[in-house]
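Some notes on the structure that comes next.
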Amino acid sequence: MIIAIDGPAASGKGTLGKRLAHHYGYRHLDTGVIYRAVAYAMMAQGADLNDEALAVAVALELDPEKFGNPILKTQKVGEGASVVSAFPRVREALVSFQRQFAADPPGAVLDGRDIGTVICPDADVKIFVVADPRVRARRRTLEARARGEDADEEAVLADILKRDERDKNRAIAPLRPAADAHTLDNSNLDIEAGVRAAIAIVEAVR
Ligand code: C5P
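Residue numbers for the sequence shown follow the UniProt record's numbering, so the first one is 1 and each next one is one higher.
Spelled out as structure tokens, the structure:
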């Protein structure tokens with residue numbers, strides 16, 4: 001079984017993905033980390049994020065062993081990820097890794113922006129997670145502070161809105177729900193209630 005979870009920045013899809021995977025004994029892939037890893041590798045070299053050819057070369061050489069690096073979670077790297085992820089050839093370079101991950105047994109949960117629409121259009125269950133931008137900004141700010149980053153909620157909100165706009169309006173694989181996705185509004189749910197709602201969606205189609 002493949003569970004596809006998509007949604008905007010800081011909607012809680014990563015936490016839901018991880019918890020659903022744990023619940024069903026499946027593997028979990030946070031696909032945002034892949035684009036973040038491309039951006040970070042470029043930033044670390046002092047490269048221009050708009051250098052498409054370099055971004056493609058970096059994407060083809062990615063080492064999944066490095067996806068756990070905590071620096072990938074920072075706002076700055078997230079912003080860079082939304083720049084490099086708009087390049088069609090960068091996205092193409094990363095498709096087969098994601099599809100292979102999804103296909104391996106015993107099952108997988110992938111979260112991102114285009115899992116239900118492009119990467120796994122035949123996923124068994126598709127969930128599109130939404131949440132009020134203010135709530136998303138507050139959660140992201142608290143997470144950043146917990147990591148010791150200096151975060152201002154207004155600045156985080158502006159970053160989230162800018163990233164959503166870029167992700168929704170890009171020409172390739174824009175952020176949008178698949179026609180057969182189930183929307184889960186996470187605005188007023190704590191983690192446990194969100195997980196229960198997601199499991200209820202999976203159980204209804206299983
Ligand atoms: O989900 P996360 O905030 O880690 O994603 C970082 C950025 O990577 C997003 O803003 C988006 O531009 C890009 N992304 C994408 N497709 C995905 C996952 C993430 O374009 N499947």
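A virtual CB, placed ideally from N, CA and C, is assigned to each residue, including glycine.
Check whether residue i and residue j have beta carbons under 8 Å apart
i, j, result
"residue 85", "residue 35", "yes"
"residue 108", "residue 119", "no"
"residue 167", "residue 175", "yes"
"residue 201", "residue 127", "yes"
"residue 37", "residue 72", "yes"
"residue 93", "residue 56", "yes"
"residue 6", "residue 180", "no"
"residue 91", "residue 173", "yes"
"residue 123", "residue 2", "yes"
"residue 209", "residue 205", "Any answer about residue 209 is impossible in this case: the structure gives the chain only from 1 up to 206."
"residue 12", "residue 30", "no"
"residue 19", "residue 195", "yes"
Among the options, nearest to residue i - alpha-carbon criterion
i, options, result
"residue 15", "69, 42 and 110", "110"
"residue 190", "135, 128 and 205", "135"
"residue 40", "22, 69, 182 and 99", "69"
"residue 75", "202, 197, 104 and 147", "147"
"residue 9", "201, 60, 131 and 183", "131"
"residue 48", "20, 80, 11 and 64", "80"
"residue 116", "43, 194 and 182", "182"
"residue 188", "133, 63 and 169", "133"
"residue 63", "203, 97, 46 and 170", "97"
Residue i - partner residues in DSSP beta bridges
i, result
"residue 128", "6 and 183"
"residue 29", "110"
**OP:** Tell me the start and end of each unbroken beta strand (DSSP E) in the region 54 to 125 that is at least 3 residues and wholly inside, in chain order.
**Re:** List check, beta strand (DSSP E) in window: 108 to 112.
Original post:
Going along the chain, which unbroken runs of the alpha helix (DSSP H) with 4 or more residues stay wholly within the region 130 to 163?
Top reply: List check, alpha helix (DSSP H) in window: 133 to 146.
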